Structures are given as structure tokens and as C-alpha cells.
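J.:
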Amino acid sequence: MAYDALPDPAGAGAVDDLVERLRLLKVWAGDPSYGTILSRVNEAWTAAGRPASELTRRSTVADCFRPGRRRLNTDLIMAVVSALHPEPDYVDRWRQALRTVTGESEAVAQVRVRDSLPQDLPGFTGREVELERLRREPVCLIEGMAGVGKTQLAVHAGHLLGPFERVLFVNLRGFHPDPAQPPAGPAAVLDGFLRLLGVPSQRIPRTPAGRAELFRELLSGVRGLVVLDNADSEEQVRPLLPGPDCLTLITSRRRLPVGTPLEVDVFTPGEAATFLAAATGDAPAAPDPEALGRIAERCGRLPLALSLLAGHITSLPGWTLADHADRLDDRHRDRRLDTGVELALDLSYRHLPPEQQRLLRLAALHPGQEFDAYAVAALAGIEPPDARRMLEQLGRDHLLQPAAAGRYVLHDLVRAYAVTRTRDEDPPRARRAALTRLFDFYVATTTAATNVVYPDEAYRRRERATAGPPGPDLPSLESAVAWLEAERHSILAVAAHTATQGWPGHTVTLAEELYRYLAGGHPGDALTLFTHAVNAARERGDPAEQALVVLHLGFTHLLLGHLEEAAEHFRQSLGLMRETGDVGGQARVLYNLSMVDQRTGKNAAAAEQLRQALELYRRAGDPVGEGNGLCALSIALDRMGQFAEAADLARQSLEQAVARGSVHGQAYALIVLGDIETRTGCLADAGEHLRQALTLYGQLGNTASEANVLDSLGLLHTRMGKPDEAAGFHEQSLRINHELGSTIGEMWALNGLGEAAQEARRPEEALAHHTAALGLADEASDYLQEARAHAGLGRARQALGDVAQARDHYERALAIYTECDAPEAGAIHALLTTA
């Protein structure tokens, strides 16, 4: 069987599209078996110097062709493509398509929703007919050209028609000028809406259809307002419709087959004159209806253009309205500008002092959606106070919009205009120099922030020049964490840009600096960043860089429960570390490989790897690694029932962390020690140590580890005979892990909830929680949590009188615990004898 046309990966818009093209490529190549493809891939990797431990398996190759995947193994996909059609240009097209699809799938899932309307526009003018229509229609599509005032009309109508019991607002990014900001995915929007409606994380359905159904159910009978701003397509909007009891306002530049259409045109002559008169106030020397009319017509009576002109008029109080009208006529003749917005922008721009013109042009180059004075100062090569002053003036001129305190955004049309101006007026070398200064600023300030948050790990970071344009002072842990959180989205946008547009070194450095911070609370963002960093490091051809970012990418997969991908990346990193002779790096990889073994119940193998890692950490003079290794070995021994040695190792790690002043090291050792104390019945000590760990992780802003401590506190309270308090801790942990996308954390919390319910004599509830945990454990190949779920199901079935099913679950749990040499095997064996 053969497929005539060679599939083009460039047209793929999503993961499933790319998988379908891979399936077609397989057919085009003669439809070889998965075994044949496996042989070709492993032969190529062996020839390239990969050790046998890093080779792949048939099932992993087959998974590449399976639709419905949320993520792709980039290395393996590229190897499969090369095995099927090893033509260099074609392979490069696949590499670019993978970068595009991976980045877009992550960007689609990032969206901000609000439970309130934006501020109403002071002095809103006209639109009486449109407002009357909006009063009568439950679902209305406000359509019209860019700049016609669709969003302001929807917001004004919302304020006018309220109050509402519930308000939901989202910018769907349907027409953002930056390709790195694609339209928001409806599943992500629904996730945000449901959270605002008070749905706990564990109750949010995983499928888009399930989320849409629950969304409609919650708003049934509720007088609510849903504003879907800047919509792109029917497919994006349809799942977000709440039902007939809510008013739904949709804005779009397109005619969509959703709701009752309301076409919004430019202002009428009377509305335009009224708007200008109100917006300019007493700025002109005297009212002049004829000049107002000329200005309005020259601006095409477009609200955005009129708003920009109003700002220009108020800044020149000595000019008459006729002067402004004449000036507009001159600009139109000189530049042959056809649209009102471009004419208004051009006039406002030409009126600016040269330094403000340059600032506006360069601000439009920023890859992120918003920026502050420090970032713009870096772009322009000026001092932050001067940048702040100019930004405030541009805001008064309506060329910038405030986003938050000290932060600004550019309207899509203003950004597009400014980008055109910088391409016309700033030579490529100057634009590149401006962006380099911006990227240097983010690298330097990120480095400064992470040195404050993780001071004991500063020695691990590779020596590099960290000087850059001036950034904010970050004297405290709180200020550093606040800066990292405020700039997180901008840094991710910068990393994506630098990875693909010629600054790969900046991408790698940002990834290395942000590794600990993102992994601790934003693993989805970490996955995006480290994927970019791996591609950037390969482009640079530095094996030491590649080894480190591949290690970090593997750790992110581990956090998200992607054990197979994690292990594969760790093995790749280990080979590179050995190639470069990085002893400390080899220790870190062995440490992480032991985490995979622990998740799959291979505690003895994990312990052996950790002993090797500890020896290497000591040879490398890495006290942080040694402390982490002691904790990890303690966990492995604890799971094997060697409690005394495990507790001793945890105490050693804690003492070392205190001696070197490591907040993170102390928190890690405290949670490990607290867990051992819970299992051995030292409950008072466990409570004290776990609460100390929770406080420290809160100071660090490490949300993922906070969730782990909350889960441990839940287990402690179950052991104390306080199941309701235990359930509260587990529910908090479950919510956080769901928000972080951590399958591992979710399954732990669900099993904990099941055990708390069983302790409270609620076996039906326990059954539901353990069943959910079992599904996640099976998906993540976490054998110990799978055994724990079976044990819980056995107890619940036994309490309900279903002895046969109880024995079946006990036997499955016993088999896993016995294979893993886990101490729980004895307890399960005892339960089997009584069931």
C-alpha cells in the first residue's frame, strides 16, 4: 500500500493534524511495520553514539502514530520521520512544524478570564439603536470592522443593563497581530469560567463537552452576563454559550452563525461630532461645527480614530478646530492615507517628540502582550524614569492603554502601525540591538531574582555575564517572587521569540535560570520553556547546554506524570553529561532517574542509583545535590520499610540545609521527615515538621511542593482519627495539583481522600475517590499508587459486603507491593486472610 503525495507537515495546525500527517507519511513510505521503524530508529541512534540504555521500544514508536495525544516526543518524531524519508530539507520542515504546533498548542491553553467587566468608557456617545437591540436579544453577535467600538459597546451595554448575578468576561484573542498569541481554546476558557463559578478543580470535567455541559448547568436559571470579546470562529464560541437565562454578548470582526447579528458601523455624522465635542472638552478655542464635521469625515467617523484625534487635539490647546482639520487634510494629501485609523495614528505619531516616536516604535517590538518602564527603557537604551515619563504621556495621548499598575498594552491596530513605522524608520541593526538589550534585561533581572529566591543554588549556575540594562531592585524574597510572577508571561514570550529568531543563547539561559521556579509552580509553562530551550541548545551545538536543558525537560515531564518521556530525556542527558565529563551533572541525572524508578515501584533500584548519585555529588562538591540525594534515598528506604535509616538520612539533610541557610533544602527535608514520622506513629513530631515545611514552601512561592505538604497533612490527620480535617487538606492538594496539571499529585490526593472517607465510614465515597485514583495511576504507570488504590477499593468493597471484589482488589495490591518489596504487603496479606 502506498500514498501518492508526500505529506506536507507545514499545514498542521494542531497535534492531531501533525499525527495524521505522520500516519500518511508511513503509508507513503510503503507502510512499514512498527518493528521495522523501530529498527531503523535504533540503528540511527546507535550509529550516532547513543548507548543501549537510551534506545526506544516498539510501543513507544507506535504511540507516535496515535491520535488524541496532548504532547509529542519531539526527538522520537524526528527520528521516525528520518527513518521514513531521510531527506534533509523534508526533515527540517517537520522540525519547524513541530516547533509551531508545540508552541501554538501551549499558547492556545493560556487565557485570562475575569468575573467583572472592564471599566466603562467615560462619556460614551451614541449607539442608542444598537443598545435597544441588545436589550431584547439573549445572544447577540456584535460584528464590525476593527476600531469601530465593538468591545466598548458590549462593555457599556453590560454596565447599563446590570446588575447581574454573575458576570464573565474573556478576550478570545481572535485577531491578535502576533502569531505567537493564537485564538484562545474554548476548553481553556471553560476551565477558567468554571473556576470563577466556584467549581473545585476535581469537579472540572476533563473533556471540552463535559465542561460545556457543566457550564450551562451552573448558569441555568441565573441572571448572568457572558461577554465573549474578539471571537474568531463559531467553533471557538459555540461551547461557551451559557443558555437562555443569561445575556451573551459576542464581539467579532466576522459574521458568525451564532446568535442574533448586530452590525456596528462607524458613527453617524451627528454621533461623531458629539463624541469629538465631549472628548475634547474646552480644548479648542471656540466651537466650530464645520471643522468638527471635517475632522470626523477625514477620520472615517471611526471611534478609535476619533479617540486618537481627541487626544491630539487636547494636547494643542492653542490650535483651533479648523487648524486641526486643515492639518488632517494636509497629512492625507502628503501620505495618501486611506483609513481613518491610520490617518489619526499618523497625525498623533508625527506630533510626538522624536524620542517618544522612537519609544513607541520600539515598544511595539516587545514579544509579550504588556510591558513596564524597565522593559521599554531597555528597548530604547534610556533610563527607566525617562521611559516611565514617556509612557505616561503616550497613555494620555491614547496611544497606550494601562494594563495594571505601571504596566501598559498596545491596541492591536496601534501595535501594527508602530511595527510598520519601526520597519520604515529603524534599520535592522538598530532593531536587533534594541531587542538584544531587552533580552539582556530579562536575563539579568531573572538571574538576580532567582539568586534571591534560591541563593544556595547560585554556585550551580554556569558562569556568564549577567550585566544588562537596569532593572528593579529586588532586595527580598517577596519582591523577587513578585517580579518573577508578574513577568512570567512576558519571559515565556521572550523565550519563544529568542529560540526561533536568532538569540538561542538567551533562551537557554532563561531556561536554566527559571528551572527551579517554574518547575515548582508552573509545570505547564516549564514544559513550553524547556522545549524551546532544547531546540535552542541543539542549534548552538553545545553538548553541556544540551545536557542541562534536556535534564530539565525530563524533570518537567516527571512532574506532570509523563514517566516514559521523563526517563527518555534523562537517559539522553546522562549520555551528554558523560560525554562532557560533568560529574555533578551525572549525579543529578541519576537522582532524577531514581525518581522514575520510585514511581514505578522499583525502590531497590532507586536506592542503588541514589547511592551512586551521592558519591558523585560529594566528588563534585555539590552540597545542594547531596542534601537532595539524602532526602530521596530516605524516601526510597522508607518505602522499603527501613524506617530508622530513612529518618536518620532525613535528619542529616535537614542539618546540612540549616548549616548552609537553604530554605528549599530545609523544607524538603522537613516534609520527608514528617512523612516518615507519620508512618511510624510519631504524629506530634510529624505535625510540627510538616507545618514548618508548609510555611517555608509558601515563602518560596513553590505551589507544587505546598500541595505535597497539604497531602501529607491529610495523611497525618487520617492517622490521627480526624478524617474530616484530613479531607480538607487533601481537597486543597487536589485543587492545586489539578491547576498545575500534575497527574501524580492528583492521584496521591484522590487516594488520600479515599482513605479519609473510609476512616469516616463512608465506603461509597471512598470507592469513588480510589476509582478515580486508579485511573490516573494506570495512565501514569505509577505502580505504588495503583496498589494503594486497589487496597483502598478492597477496604471499601469489604465494608459494603462485596467480599469477592474486595479479595480481587487485595490480591492485585498484594502482587504489586510484593514485587516492589514494599512494607504494605504484610498489611494487605492480613486483610486477605480476614476477607
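Under this note's numbering, read the sequence shown as residues 30 to 864, first letter to last. We put the CB at the ideal spot given by N, CA and C, even for glycine. Note that this is a predicted model, so its numbers are computed, not measured.
1) Three-state secondary structure (DSSP) at Pro852?
2) Can you pull the DSSP bridge partners for Asp401?
3) Which residues mark the beginning and the end of the beta strand (DSSP E) in which Pro290 is found?
4) Phe758 by DSSP, collapsed to three states: which one?
5) By the three-class DSSP mapping on this structure, what secondary structure does Ile171 have?
6) Is the number of C-beta pairs between the region 718-732 and the region 498-517 that are closer than 8 Å three or more?
7) Could you please give the first and the last residue of the uninterrupted alpha helix (DSSP H) stretch that includes Thr479?
8) Quick check on DSSP: helix, strand or coil for Ile279?
9) Assuming the contact rule is C-beta atoms closer than 8 Å, Pro212 and Leu201 should be a hit. Round their C-beta distance to whole Å, please.
10) Roughly how far, in whole angstroms, is the beta-carbon of Ala406 from the beta-carbon of Pro413, given that I think they are within contact range, below 8 Å?
11) Please go through the same chain and pick out, in chain order, the residues whose beta-carbon is closer than 7 Å to the beta-carbon of Ala573, but skip the five residues on each side of it.
12) Could you tell me the alpha carbon to alpha carbon distance between Ala596 and Pro271, rounded to whole angstroms?
13) Using a 10 Å radius around the Cβ and a threshold of 16 neighbouring Cβ atoms, would you call Glu815 buried or exposed?
14) Verify whether the separation of the beta carbon atoms of Pro290 and Arg282 is less than 9 Å.
15) Whose C-beta lies closer than 7 Å to the C-beta of Ala806 among residues of the same chain, with five residues either side of it excluded?
16) Closest to Glu788 by CA distance: which of Pro752, Leu335, Ala854 and Ala756 is it?
17) When you compare the region 414-432 with the region 345-361, are there three or more beta-carbon pairs, one atom per stretch, that lie closer than 8 Å?
18) Quick one: what does DSSP say Asp258 is sitting in, helix, strand or coil?
19) Hey, Arg165 and Leu248: beta-carbon distance below 9 Å or not?
20) Considering only DSSP beta bridges, list what Leu197 is partnered with.
21) Where does the unbroken alpha helix (DSSP H) through Ala566 begin, and where does it stop?
22) Can you check which of these residues, Ala675, Asp258 and Leu843, is closest to Cys169 by C-alpha distance?
23) Identify every residue that forms a DSSP beta bridge with Val142.
24) Curious, which full-length alpha helix (DSSP H) runs of at least 4 residues does the region 805-842 contain?
25) Would the beta-carbon of Gly690 fall within 9 Å of that of Leu683?
26) Mapping DSSP to helix, strand and coil, what is Pro212?
27) Are the Cβ atoms of Phe198 and Val256 separated by less than 9 Å?
28) Taking the straight line between their C-alpha atoms, what separation do you get for Leu843 and Ser810?
29) Give the C-beta separation of Phe94 and Arg52 to the nearest angstrom, bearing in mind that I take them to be a contact with Cβ-Cβ under 8 Å.
30) Classify Asp367 as helix, strand or coil using the three-state DSSP reduction.
31) Look up Pro147 in the DSSP assignment and say whether it is helix, strand or coil.
32) Count the other CB atoms within 10 Å of the CB of Arg458; is the residue buried (16 or more) or exposed (fewer)?
33) Between Ala432 and Ala696, what straight-line distance do the alpha-carbon atoms span, to the nearest angstrom?
34) At a cut-off of 8 Å, would you count Leu745 as near the ligand PLP, judging by its Cβ distance to the nearest heavy atom?
35) With which residues is Pro431 paired in a DSSP beta bridge?
T.: So, from the data block:
1) coil
2) Arg436
3) Thr289 to Glu292
4) helix
5) strand
6) yes
7) Pro457 to Val482
8) strand
9) 6 Å
10) 4 Å
11) Thr609 and Asp611
12) 43 Å
13) buried
14) no
15) Met776, Gln814, Glu815 and Ala818
16) Pro752
17) no
18) strand
19) no
20) Val255
21) Pro552 to Arg569
22) Asp258
23) Val199
24) 812-828
25) no
26) coil
27) yes
28) 17 Å
29) 5 Å
30) Its pLDDT being 48, under 50, Asp367 is placed unreliably in this model, and the coordinates cannot settle the point.
31) coil
32) exposed
33) 36 Å
34) Among the components of this structure there are no ligands whatsoever, and the ligand PLP is therefore not found.
35) Tyr437
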